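Have a look at the structure below, then the notes.
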Ligand code: FES
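Numbering (our numbering), first residue to last: 1024 to 1137.
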């Protein structure tokens, strides 16, 4: 991809987020929850459960999933899709880990601005 298609911004250090935890990032499109799994994979999703907007960053992270703290809907962090008999999808964002630093691709936010 060219520079016009990606713009990575450093948002945190890996150790700023506990294993099986999350951190909120404020953006032009709202709050994004950045999750760290047990094996140090990083995922970024809207902080809104598709059921009734529960704050996913306060949910329980297990494996590659988060459980919504309000009514326990299970969300796959890799796809944003509800699992099992649950319905709905959470928007996901590109993140990458480099040298223990977490970067978020902010291009979608720039597009919205323009
Ligand atoms: S708001 Fe998340 S399960 Fe109801």
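In this text, a Cβ means the ideal position worked out from N, Cα and C, and glycines have one as well.
This one's a predicted model, so the numbers in the text were calculated from it and none came from an experiment.
Residue 1103 Cβ short of 7 Å to ligand 1 heavy atom set: No, the beta carbon of residue 1103 sits no closer than 7 Å to any heavy atom of ligand 1.
Best match in 1110, 1095, 1054, 1083 for proximity to residue 1116 [C-alpha to C-alpha]: 1054
CB of residue 1068 within 8 Å of CB of residue 1114, strictly: yes
Any non-hydrogen atom of ligand 1 within 7 Å of residue 1077 CB: yes
Identity of the residue in 1058, 1109, 1085, 1082 nearest residue 1040 by Cα: The shortest C-alpha separation from residue 1040 is found at 1058.
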